[in-house]
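To keep things clear, I will list the structure first and then write my remarks on it.
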Amino acid sequence: MNESVTIFPRGAIVSAAAQFPTPFFLYDEERLRENCRAFRETFQAVFPDFHPLYAVKANANPDVLRIVQSEGFGFDASSSAEAWIVEKIGGTGMYTGNYTPAEELAFAASRGFVLNLDDASMVDFLDEAGIPETLSFRINPGMGSGDRESNVLAGPDAKFGVPFEWASDAYRAAKDKGVRHFGIHMMTGSNCLDAAFFAQSVEKLFEIVATIKRDTGIEIEFMNIGGGFGVPYRPDEPTLDLRAVVAGIRRVVDEQCAKLDLKEPVLYAEPGRFIAADMGFLVGTVRVIKNGYKKFVGIDAAANDMPRPSIYGAYHHVSVIKVGYEKPTFETVSIVGGICENNDQFAKDRLLPACEIGDLVVIHNSGGHAYSMGHSYNGRTRHAEYLLELDGTIKKIRDAERIEDLYRGTNL
Ligand SMILES: Cc1ncc(COP(=O)(O)O)c(C=O)c1O
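Structure (structure tokens):
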């Protein structure tokens, strides 16, 4: 059993549920900091100049961003809103938009972000955004790896990045515009647990770097290998061996720089899930128990709070905290929310302690790509976020939305 999936701050969750209405998210600062340190230190032990950036899309709560920043991270932003909040907390980093219009590039550039363009056609947008000293391109290296099809973000089906065969054209166009310093970026997939894949994709990126140098004379000064570092969601899944990932990348960097006569670029990475996923718990209360064709346990959280199971069929480990005594009986149930979509099911046919109305249900791994993917379908409001601080204090870090918030700007 992989305990990183099953361990949770039970006492703090019970205490929070006694003080505040459910559902809510609880984030564990200690685990968040541990994840940041494990990531940064493992890379910096082998690449002393390594720059970690945190992918804001995973969890954009300002308190979370400040903690990550205090652990030595810059930021990877992918929208004007993400660039805006990073600037508000005094940070900056790289800006990787998709199909990004010129005014959005200008917005990010004016906030100090290094632009990472997704296509050669966007080089012309620099006339409006300003010609930067330093620029990067997101390259599609032709290979991707993720835990499901929609998480494979490179290769022939992916909408992202400059196809590697045309990389030199993109860099040449930027050089002709007057850009002087260059980096290269890839983001090949999300939730990859295959340690060997990272070195394989870096090897491919070095071939591309060498081609760019041969075709344009440009020396790539930094290499951002993206995010995608996977975490286990199931208790029987292994954790990603980050040391093996880093050792594999080190070997490839040494081999390729020698073989291709390249200066070692400064290494960047931009994890989201690895930093934020397992620090967060979505906590709901059992409200309705229905014996239909199956047994359904209805809780007050729903897919709008944390849509991963509904969009991807993603597995999330679930724990039940009984209101009364702990019953020794288990039964197979589905844990569902109240949205009018049949995919609003956090767990399907799961063996769990028999539930009663009032029990707490904890959905694990709800810190990354969770609240940030939330929505308001069915007029459902998103719920509050709390932080379990290092000294045990439980601090509210975002109010629950109100129904009125959903109607802001209408003619009501
Ligand atoms: C450009 C970019 N960088 C980083 C990430 C973070 O990925 P992960 O959370 O898998 O580490 C993503 C996620 O989609 C992304 O699109």
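Counting from 1, one number per residue, gives the positions in the sequence shown under this note's numbering.
All C-beta atoms, glycine included, are put in the ideal place defined by N, C-alpha and C.
For Y371, name the three-state secondary structure that DSSP assigns. Residue numbering aside, residue 371 sits at position 371 when the sequence shown is read from its first letter. If DSSP states are grouped into helix, strand and coil, Y371 belongs with the helices.
Simplified DSSP state of I339, which is helix, strand or coil: Translated into positions along the sequence shown, residue 339 becomes position 339. Coil at I339, not helix or strand.
Just to confirm the assignment, what range does the beta strand (DSSP E) spanning Y54 have? Here residue 54 refers to the residue found at position 54 when the sequence shown is read from its first residue. Start and end: 51-55.
Whole-angstrom Cβ separation of P141 and V179, contact assumed at under 8 Å? Sequence index remark: in the sequence shown, residue 141 carries index 141 (1-based). Sequence index remark: in the sequence shown, residue 179 carries index 179 (1-based). Going by Cβ atoms, the distance from P141 to V179 rounds to 21 Å, so no, they are not a contact pair.
Cβ neighbours of P235 in the same chain (closer than 7 Å, five flanking residues each side left out): The residue given as residue 235 occupies position 235 in the sequence shown. Excluding residues within five positions, the ones whose Cβ falls inside 7 Å are M1, N2, V5, T6, H317.
Tell me whether the beta-carbon of R380 lies closer than 7 Å to the beta-carbon of A301. Here residue 380 is taken as the residue at index 380 of the sequence shown, counted from 1. Here residue 301 is taken as the residue at index 301 of the sequence shown, counted from 1. Taking 7 Å as the Cβ cut-off, R380 and A301 do not qualify as a contacting pair.
Please tell me whether, using a cut-off of 6 Å, the distance from the CB of S372 to the nearest non-hydrogen atom of ligand 1 is below it. The count along the sequence shown starts at 1 and reaches residue 372 at position 372. Between ligand 1 and the CB of S372, the shortest heavy atom gap is not smaller than 6 Å.
Suppose you measure from the CA of A445 to the CA of I89; what does that come to, to the nearest Å? This structure cannot speak to residue 445, because the chain is shown only from 1 to 412.
Alpha carbon to alpha carbon, what distance is there between F113 and A55? Walking along the sequence shown from the start, residue 55 turns up at place 55. Walking along the sequence shown from the start, residue 113 turns up at place 113. When rounded, the separation of the alpha-carbon atoms in A55 and F113 is 13 Å.
Where I289 and F8 are concerned, what is the direct C-alpha to C-alpha distance, given to the nearest angstrom? In the sequence shown, residue 289 corresponds to position 289, counting from 1. In the sequence shown, residue 8 corresponds to position 8, counting from 1. Straight-line Cα distance between these residues: approximately 25 Å.
With a floor of 4 residues, list each alpha helix (DSSP H) that falls wholly inside the stretch 76-106, ordered by position along the chain. DSSP runs (the alpha helix (DSSP H)) wholly in the stretch 76-106: 80-88.
Under 7 Å between C-beta atoms of M94 and N116: As a working mapping, residue 94 is identified with position 94 in the sequence shown. As a working mapping, residue 116 is identified with position 116 in the sequence shown. The Cβ atoms of M94 and N116 lie closer than 7 Å to each other.
What do you reckon, is the C-beta of S80 under 6 Å from a heavy atom of ligand 3? As far as ligands go, the structure on display features ligand 1 and does not contain ligand 3.
Same chain, Cβ closer than 8 Å to S376, five either side skipped, listed in chain order: In the sequence shown, counting from the first residue as 1, residue 376 sits at position 376. Cβ within range, chain order: N304, R382, E401, L406.
G217 versus G226, A167, N224, T188, residue with shortest Cα-Cα distance: Along the sequence shown, one-based indexing puts residue 217 at 217. The shortest Cα separation from G217 among G226, A167, N224, T188 belongs to A167.
Closest to I212 by CA distance: which of G189, F229, L262 is it? Numbered from its first residue, the sequence shown carries residue 212 at position 212. The residue with the shortest Cα to Cα distance from I212 is L262.
Beta-carbon within less than 8 Å of T329's beta-carbon, same chain only, minus the 5 sequence neighbours each way: which residues are those? Translated into the one-based positions of the sequence shown, residue 329 becomes position 329. Hits under 8 Å: P353, A354.
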